[in-house]
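In our numbering, the protein residues as written are 1 to 169.
Just below is one structure, and these are the notes that go with it.
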């Protein structure tokens, strides 16, 4: 089980962790750590990249309670039990965080104003998409949504993360 630092400190860009295992995921070499600040693909937000020691982290996958750090090459087996330093590609992470937060805000705006639910999202370096369960979104609805979204952004309301159980949802 990997302690997921990104849940409690999204701004953590460097950390030290113990290597608990060398692994392979879909034919790709990976490290499993006791703790990690690397965010795996989840909730529409893409994975982090960066480095573990002198290995490039090229993908991050959460599976079976662990976080698999997919590497650019096979790791030295002597790393198991050793401490390794992790560095997150901060510009990439920060861009994804902003897109993810913006998506939640826009999704809520469309829900509150028109009752539209978000069906899916995609975040990309050049384009991002938000799919709603609406047959059509009119130019007037877009204008209303833009005004409310901009008003909420201007207010600079702090973003808080909550962990709730199934009964609370």
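Think of the CB as a built atom: it goes at the ideal place given N, C-alpha and C, for glycine as much as any other residue.
With a cutoff of 8 Å on beta-carbon distance, residue 96 and residue 16 are scored as not near each other.
In the displayed model, residue 128 falls within coil according to three-state DSSP, outside both helix and strand.
With fewer than 16 other beta carbons inside 10 angstroms of its own, residue 81 counts as exposed. In this chain, residue 86 is not harboured by any alpha helix (DSSP H); it is covered by the beta strand (DSSP E) spanning 83 to 88.
Using a Cβ-Cβ distance cut-off of 8 Å, the region 10 to 30 and the region 64 to 78 are in contact, since at least three pairs of beta carbons, one from each stretch, lie closer than that value. Per DSSP, the beta-bridge partners of residue 70 are 30, 59. Residues 116, 132, 145 of the same chain have their beta carbon placed closer than 7 Å to that of residue 110, with the five preceding and five following residues left out of the count.
Looking at 120, 69, 64, 148, the one whose alpha-carbon comes closest to that of residue 19 is 69. DSSP lists 33 as the beta-bridge partner residues of residue 19.
Residue range 5 to 8 is occupied by the alpha helix (DSSP H) that includes residue 8.
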